[in-house]
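Accompanying notes for the structure given below.
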Amino acid sequence: MIRYHSQKQLSLAEFDWPFQTALDENNRWVKLSECIPWDELAEGYYQGLAETQGRPTKDARLVIGAVIIKHRLCLSDRETVAQIQENPYLQYFVGLPGYQMEAPFVPSLFVEVRKRMGKTVFDVFEAAIIDSVESAKAGKKKTSGKKSDQDDDDPPSVSGGGSPEEAPEHQGKLILDATVAPQAIRYPTDLSLLNEAREFSEQIIDTLYPKTDWNKKPRTYREKARKAYLAIVKQRRPSGKVRRRGIKQQLQYLRRNLGHIERMLEHWPEGSPLPLPRWLLYRYWVIQHVYEQQWEMYRNKSRRCDDRIVSISQPYVRPIIRGKLDKPVEFGAKLSVSLNGDGVACVDHLRWDAFHEGGDLKSQVESYRLRHGHYPQVVLGDPVYGTQENRRYLKGRGIRFAGKPLGRPRRVTEANREELKRLKAQRREEYRQRIPIEGKFGQGKNGYRLNYIRAKRADTAFAWINSIFLVMNLQILLRIFFALWNRGLSVVPSWLLAVVQTLFCPREIRSVADTVSGQSIPAC
Numbered sequence: 019m020i021r022y023h024s025q026k027q028l029s030l031a032e033f034d035w036p037f038q039t040a041l042d043e044n045n046r047w048v049k050l051s052e053c054i055p056w057d058e059l060a061e062g063y064y065q066g067l068a069e070t071q072g073r074p075t076k077d078a079r080l081v082i083g084a085v086i087i088k089h090r091l092c093l094s095d096r097e098t099v100a101q102i103q104e105n106p107y108l109q110y111f112v113g114l115p116g117y118q119m120e121a122p123f124v125p126s127l128f129v130e131v132r133k134r135m136g137k138t139v140f141d142v143f144e145a146a147i148i149d150s151v152e153s154a155k156a157g158k159k160k161t162s163g164k165k166s167d168q169d170d171d172d173p174p175s176v177s178g179g180g181s182p183e184e185a186p187e188h189q190g191k192l193i194l195d196a197t198v199a200p201q202a203i204r205y206p207t208d209l210s211l212l213n214e215a216r217e218f219s220e221q222i223i224d225t226l227y228p229k230t231d232w233n234k235k236p237r238t239y240r241e242k243a244r245k246a247y248l249a250i251v252k253q254r255r256p257s258g259k260v261r262r263r264g265i266k267q268q269l270q271y272l273r274r275n276l277g278h279i280e281r282m283l284e285h286w287p288e289g290s291p292l293p294l295p296r297w298l299l300y301r302y303w304v305i306q307h308v309y310e311q312q313w314e315m316y317r318n319k320s321r322r323c324d325d326r327i328v329s330i331s332q333p334y335v336r337p338i339i340r341g342k343l344d345k346p347v348e349f350g351a352k353l354s355v356s357l358n359g360d361g362v363a364c365v366d367h368l369r370w371d372a373f374h375e376g377g378d379l380k381s382q383v384e385s386y387r388l389r390h391g392h393y394p395q396v397v398l399g400d401p402v403y404g405t406q407e408n409r410r411y412l413k414g415r416g417i418r419f420a421g422k423p424l425g426r427p428r429r430v431t432e433a434n435r436e437e438l439k440r441l442k443a444q445r446r447e448e449y450r451q452r453i454p455i456e457g458k459f460g461q462g463k464n465g466y467r468l469n470y471i472r473a474k475r476a477d478t479a480f481a482w483i484n485s486i487f488l489v490m491n492l493q494i495l496l497r498i499f500f501a502l503w504n505r506g507l508s509v510v511p512s513w514l515l516a517v518v519q520t521l522f523c524p525r526e527i528r529s530v531a532d533t534v535s536g537q538s539i540p541a542c
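Reading the sequence shown from the start, the letters are residues 19 to 542 in this note's numbering.
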């Protein structure tokens with residue numbers, strides 16, 4: 019049930035603070051709270067909830083603000099709640115009316131929050147950031163009154179005051195690439211997966227046996243199976259023959275346990291609920307598939323199978339072959355990401371199975387048109403995006419693909435020598451323009467733990483990954499902020515000033531901006 023309250027935040031002076039020391043109005047969390055469109059986010063968050071049924075929900079400002087804090091500071095669920103409980107600025111940021119000693123909610127609520135924050139909520143965030151960047155450009159042009167030589171290179175904005183009919187049909191550039199967001203799972207081996215499946219089967223037998231009328235508990239040989247497993251994994255480099263013998267042993271133990279479970283389940287009629295907790299019943303379904311896959315590979319002496327399970331707790335995770343030197347295989351979700359000319363990244367597709375990212379080009383171009391109101395002038399991507407079908411699609415819409423032409427190279431003559439040289443230099447330069455999207459992936463994996471997704475469900479992992487890209491997109495406003503100042507913008511919107519305070523701006527850069535603009539900026 020929804021209990022909606024306006025997300026308009028009280029002033030810091032009205033925040034109930036029991037101590038004599040006044041709170042700092044220039045704190046980064048105070049400034050960030052002023053620039054976020056809380057009402058729009060609350061509307062998107064409440065779309066999937068019933069208005070009159072169910073238990074009353076937590077306020078949208080509270081839960082969305084907690085998600086932003088979690089990924090901005092790279093905290094765990096428990097640590098995020100503890101930080102909000104201890105920090106008055108964070109309590110003000112999440113919309114509490116005053117400082118309170120108790121925790122605002124239990125950490126397990128984050129799981130339900132991530133379930134509700136689907137694609138609609140993150141589309142709202144992406145649209146808000148893109149509109150803010152375009153509005154900043156439009157404000158700059160309106161304030162300056164005329165374009166400088168440097169501004170002539172910038173494409174006009176659709177939202178800059180002119181009519182859509184006057185705006186060019188193609189503007190900007192679109193950079194495409196794909197990456198993998200690895201899950202926080204143990205590196206899978208056949209032997210370790212079978213040992214884990216065997217242990218779960220023994221746990222199921224221990225749960226079912228007291229509820230049957232059997233006089234004797236089935237033998238599982240768990241001690242012998244554990245010793246056989248440890249005898250192999252403790253070897254530094256066991257040979258292939260030793261590993262194959264160990265896999266055969268674990269398969270036999272697991273087959274025996276699964277047979278015991280099938281006979282024990284005959285005590286409950288078909289259709290009646292089984293006396294197993296839901297999580298253990300789910301593991302029972304998974305370990306049966308693990309046994310079938312491992313037995314098939316052992317029998318055929320193969321190292322691969324379709325839809326291979328690499329984690330019993332997260333069976334939707336698949337191995338993604340990357341072909342890189344340090345990480346030939348990664349285990350997680352594969353993302354198709356698009357980056358516009360301003361540096362705003364959008365996760366267009368997220369799948370758990372390996373796929374060819376070149377097939378997403380059409381949908382990514384159409385998504386760019388929906389976000390910006392026009393097609394891009396040029397599309398930059400790896401050679402895998404330059405298929406004949408994609409080139410025909412782009413050519414039919416007047417979009418240039420920055421890549422090497424297909425087919426046999428043109429013959430070099432005296433007439434076309436300079437032209438071919440110019441085109442080669444242009445392709446080299448445009449290929450270098452793909453560096454920002456590689457840097458975006460590095461920023462996410464090194465700074466925001468995009469390479470260690472700790473969500474335990476497929477839908478919550480989707481929200482986790484998109485939240486990281488949301489926080490990274492906020493930093494794009496910092497670059498736009500100083501770019502406008504360096505071009506002589508004298509009037510800066512207050513919401514843009516507020517965002518800069520949240521992004522840890524260096525003091526030396528801030529002092530330069532003070533000198534150029536003549537405006538006073540509070541300390542970060």
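All residues carry an ideal CB built from backbone N, CA and C; glycine is no exception.
Asked, Found
"8 Å contact criterion, which ILE471 and PRO200 should meet: CB distance rounded", "7 Å"
"LYS76 and PHE111 closer than 7 Å at C-beta", "no"
"Residue burial classification, LEU398 (beta-carbon count within 10 angstroms, cutoff 16)", "buried"
"SER150, DSSP secondary structure in three states", "helix"
"Cβ-Cβ separation, LEU298 to ILE222 (assumed contact under 8 Å), whole Å", "6 Å"
"Segment contact flag, the segment 243-250 with the segment 258-268, C-beta cutoff 8 Å, min 3 pairs", "yes"
"Alpha helix (DSSP H) runs contained entirely in the segment 368-448, provided each spans 4 or more residues", "379-390, 406-414"
"From HIS390, GLN189, PRO228, MET135, residue whose alpha carbon lies closest to that of ILE417", "GLN189"
"Local conformation of ILE453 per DSSP, three classes", "helix"
"Cα-Cα separation, GLY62 to ARG79", "12 Å"
"Straight-line Cα distance separating PRO293 from GLY282", "According to the sequence displayed, residue 282 carries Met and not Gly. If you take the alpha carbons of MET282 and PRO293, they lie about 11 Å apart."
"C-alpha distance - ILE86 paired with LEU424, whole-angstrom precision", "45 Å"
"Unbroken alpha helix (DSSP H) run spanning ASN275, endpoints", "258-283"
"Contact check, TYR466 vs ILE486, beta carbons under 7 Å", "yes"
"Within-7 Å CB hit, ASN408 to chain B", "Note that chain B does not occur in the displayed structure, where there is just one protein chain."
"Nearest residue (CA-CA) to GLY391, options VAL489, GLU187, LEU357", "GLU187"
"Secondary structure of LEU357, DSSP reduced to three states", "strand"
"Inter-stretch contact (C-beta, 8 Å, three-pair minimum) for the segment 341-349 and the segment 364-383", "no"
"Backbone CA spacing between PRO256 and THR207 [nearest angstrom]", "13 Å"
"Euclidean distance between Cα positions of GLN109 and ILE305", "44 Å"
"Start and end residues, alpha helix (DSSP H) containing VAL198", "No alpha helix (DSSP H) contains VAL198, which is instead part of the beta strand (DSSP E) from 191-200."
"Unbroken beta strand (DSSP E) run spanning PRO337, endpoints", "337-339"
"C-alpha gap between ARG546 and TYR386, whole angstroms", "Because the chain in this structure spans residues 19 to 542, residue 546 falls outside the shown range and cannot be described."
"Three CB pairs or more closer than 8 Å across the segment 450-462 and the segment 342-362", "yes"
"Residues of its chain near TYR107, where Cβ-Cβ distance is below 6 Å and the 5 sequence neighbours each way are ignored", "ASN45, TRP47"
"Delimiting residues of the alpha helix (DSSP H) encompassing PHE487", "476-492"
"Beta-carbon proximity check, ARG301 vs PHE218, cutoff 7 Å", "yes"
"Alpha helix (DSSP H) segment containing TYR107, residue limits", "106-111"
"DSSP bridge partner residues for VAL365 (one or two, in chain order)", "VAL355"
"Cβ-based neighbour list, LEU91, same chain, cut-off 8 Å, excluding 5 preceding and 5 following", "THR98, GLN101"
"Whole-angstrom distance between GLY116 and CYS53, CA atom to CA atom", "20 Å"
"Proximity of GLY376 and TYR403 at Cβ, strictly below 7 Å", "yes"
"Euclidean distance between Cα positions of ALA479 and ARG435", "52 Å"
"VAL347 - DSSP class collapsed to helix/strand/coil", "strand"
"Straight-line Cα distance separating GLU314 from PRO333", "18 Å"
"Rounded straight-line distance, which links the Cα of THR197 to that of GLN168", "Note that GLN168 scores a pLDDT of 42, beneath 50, so its modelled location is shaky; the value from the coordinates is reported in the next line. Roughly 34 Å separates the two Cα atoms."
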